[in-house]
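Chemist: Chains as they are written, first to last, in full-length UniProt numbering: chain Z, 1 to 354; chain U, 1 to 354.
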């Protein structure tokens, strides 16, 4: 965080803005909190994210207001201060376009996008470590000054994030692919369940739960995000529509085989490209299934026993079976650790499947 | 399992057939194993799922062959034996239609669909408890005899499953909704990632991982399943295409707001109808987030401490942050248990967020 001295003005004391304030405050950087809703700024101040009144001019302004207002606030802050200005919106072209209409010189502005969040909103959901280890995209435009870019990078690093630099256009296409399109597909799939009778929903398994999970997100916020990225999303959605039409044509034929298989095989190729939880290339993990009674203390006993085997559990999934008091835990470990894990657990009395 | 005496002939010693054999063998029912591939039958016999040679006529035949062959094998078994015949295919109209073309009397046939599986295939992936607590749909057709329906119910219960009776048509529409459509949506979403540059995939988060997970399933098997259920699926896919067109029109407008929000809000209504892991109505769980070092033994220590609070952990999710040696565990508990859990964990030195 070499170049970042502060003060940092945070405009918008919601989840993201307040978390940035908390992260900077733990490093001793002076943070000024501004919010159109005085209650938000007050709450953020109370939990230690900064002060509502700071007498010194800011070195850096972070605009963390709802997507529709970002461009106007960027222009306003460029006019009011001599500070570098960045924003935290999840789409980068629209704030830039909006700001350009209102400000003549954007050299002090550099867009950024901290890729962390929570299903909860508002300052009380904020956490000093929200960005620890997260990806923080930095999106300079053609007239961003190198000093401004460097200062925004310092901000991201001070918050504990790993930075990735992308052009504005590239960023928006990337998030259309890995965030906005999956969101819409999840919403469309979930939408077909609205009119389903309960007897149909009774047959739900883990697949439909996974596919529809993010469809529960806030429609108001997602409308703003998706609208702001309409250009990048439209191209992808048109691809989806073409593929969907191919599927419909194939299903109408006597022999649907080859065309369907090619759509499904393309899905396999895409799915295995999604990075694993470490943000590193996809690593194949091996699963060890263990049956456990569904009562307090059993997971503790299981993990004690797993730890005794020396295996590091990389991920896990709990699947309760409907109508009976036992569940199944899937422990995912690196290939090579599974034999020792199975042996240790079996020796300690667990029912283990591979 | 009152009426089920055996022998039970299992045709198709793959994952499902062999697991049925193992489940019945543990109850002492004589199981005959038949497979077009003699290696499969041999392996299934070796792990105790039954015998390849049984001299007594079967009371019940279970057809567990790949979807495309089910109808023909049902007709063949009806002709060869006096037994009740059922199958385990995941689509029910097509086997019935196919069998009708080949057999004049289907009163001894009742379709069924044990809703359990694994990402692994073949007899060696089989487990005696695969169906314990699972849902097993039973789908009588208009001329199924009541005795045959009863015997198939006994089979499902002997395997430890919970039965749900549905008409053939209703079953196929239900699985189109909660299984086949989510599968296709996942494949279509994943398909758009095939050509993405690595820099785009670096921005992937949990959302795209969840939505695309099942897209990694076997394209050959899914082609057979989806083709067999084309009638039910076509209607749903046409709904999706109409909604997708609405989204595309909305994105092309200056003010996309209301129409997009209505599609997204419909998604929320659908998503919250998906039953939770217990197969019971969706219960809102409360999450408690805990930061943990990514090394062996930490999960054990965490679960010991969680158990000490008296809270039952209903579900959990591990999220490793890229590029640093700590992870975050989200513990999901029933509302009311979260305060005590947070207090206990904090007292024991964990960094807990709400």
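Every residue, glycine too, gets a C-beta built ideally from N, C-alpha and C.
(1) Does residue 222 (chain U) come within less than 7 Å of chain A when only Cβ atoms are used?
(2) Leaving out five residues before and five after residue 298 (chain Z) in sequence, what residues of the same chain have Cβ atoms less than 8 Å from its Cβ?
(3) With which residues is residue 316 (chain Z) paired in a DSSP beta bridge?
(4) Which value, in whole angstroms, describes the spacing of the CA atoms of residue 52 (chain U) and residue 219 (chain Z)?
(5) How is the beta strand (DSSP E) around residue 353 (chain U) delimited, first residue to last?
(6) Consult DSSP for residue 60 (chain Z) and reduce its assignment to one of helix, strand or coil.
(7) For my contact list, residue 189 (chain Z) and residue 185 (chain U) are in at a C-beta cut-off of 8 Å; report their separation, rounded to the angstrom.
(8) Is residue 147 (chain U) helix, strand or coil when you go by DSSP?
(9) Measure how close the beta-carbons of residue 8 (chain U) and residue 29 (chain U) come, nearest whole angstrom, since I'm counting them as under 8 Å.
(10) Please list the partners that residue 95 (chain Z) has in chain U, where partner means a Cβ-to-Cβ separation under 8 Å.
(11) So with Cβ pairs under 7 Å, would you call residue 185 (chain U) a contact of chain Z?
(12) May I have the straight-line CA-CA distance separating residue 112 (chain U) from residue 88 (chain U), to the nearest angstrom?
(13) Just by C-beta distance, which residues in the stretch 199-232 of chain Z are closer than 7 Å to chain U?
(14) State yes or no: is the C-beta of residue 19 (chain U) within less than 7 Å of the C-beta of residue 161 (chain U)?
(15) My parser needs the alpha helix (DSSP H) runs of 4 or more residues fully inside the stretch 183-207 of chain Z; what are they?
(16) Could you check the C-alpha separation between residue 140 (chain Z) and residue 65 (chain U) for me, to the nearest Å?
(17) Measuring CB atoms only, is the stretch 102-109 of chain U touching the stretch 141-156 of chain U, in the sense that at least three cross pairs come out at less than 8 Å?
(18) Rounding to the nearest angstrom, what Cα-Cα distance links residue 231 (chain U) and residue 249 (chain U) in this structure?
(19) To which residues of the same chain is residue 201 (chain Z) closer than 8 Å at the C-beta, ignoring the five residues directly before and after it?
(20) Return the Cβ separation of residue 155 (chain U) and residue 15 (chain U) in integer angstroms, given the expectation that the two are a contact with Cβ distance under 8 Å.
(21) Within a Cβ cutoff of 8 Å, which residues of the same chain sit near residue 237 (chain U), ignoring the five residues on either side of it in sequence?
(22) In this structure, how does DSSP classify residue 90 (chain Z) when only helix, strand and coil are distinguished?
(23) Measuring only between beta-carbons, confirm whether residue 66 (chain Z) sits less than 7 Å from chain U.
(24) Are there three or more Cβ pairs, one per stretch, closer than 8 Å when the stretch 265-275 of chain Z is compared with the stretch 204-213 of chain U?
(25) Could you run through the stretch 96-126 of chain Z and flag, in chain order, every residue whose CB is less than 7 Å away from some CB of chain U?
(26) Taking the runs of the alpha helix (DSSP H) that are 4 residues or longer, which of them lie wholly in the stretch 216-246 of chain Z?
(27) Using three-state DSSP, classify residue 180 (chain U) as helix, strand or coil.
(28) Please report the distance separating the alpha-carbon of residue 340 (chain U) from that of residue 205 (chain U).
(29) Just to confirm, is the Cβ distance from residue 10 (chain U) to residue 21 (chain U) under 7 Å?
(30) Within its chain, find whatever has a CB closer than 7 Å to the CB of residue 68 (chain U); leave out the 5 residues flanking it on each side and keep chain order.
(31) Name the DSSP bridge partner or partners of residue 42 (chain Z)?
(32) Could you tell me whether the Cβ of residue 155 (chain U) comes closer than 7 Å to any Cβ of chain Z?
(33) In angstroms with no decimal places, state the Cα-to-Cα distance between residue 26 (chain U) and residue 343 (chain Z).
(34) Return no unless some Cβ of chain Z is closer than 7 Å to the Cβ of residue 335 (chain U).
(35) Based on the DSSP output, what are the partners of residue 287 (chain Z) in its beta bridges?
(36) Could you pull out every residue in the same chain whose Cβ sits closer than 7 Å to the Cβ of residue 58 (chain U), ignoring the five residues on either side in sequence?
Modeler: Walking through what the data contain:
(1) The structure shown has no chain A; the protein chains it does contain are Z and U.
(2) 292
(3) Z:331
(4) 57 Å
(5) 351-353
(6) strand
(7) 4 Å
(8) helix
(9) 6 Å
(10) Under the 8 Å cutoff, chain U gives no residues; its nearest Cβ is about 17 Å from residue 95 (chain Z).
(11) yes
(12) 5 Å
(13) 199, 200, 201, 202, 203, 204, 205, 207, 208, 209, 210, 211, 212, 213, 214, 215, 216, 219, 220, 222, 223, 226, 227, 230
(14) no
(15) 198-201
(16) 57 Å
(17) yes
(18) 28 Å
(19) 193
(20) Going by Cβ atoms, the distance from residue 155 (chain U) to residue 15 (chain U) rounds to 17 Å, so no, they are not a contact pair.
(21) 181, 184
(22) coil
(23) no
(24) yes
(25) 115
(26) 219-228
(27) helix
(28) 30 Å
(29) yes
(30) 224
(31) Beta-bridge pairing links residue 42 (chain Z) to no other residue.
(32) no
(33) 23 Å
(34) no
(35) Z:332
(36) 7, 8, 9, 32, 81, 83
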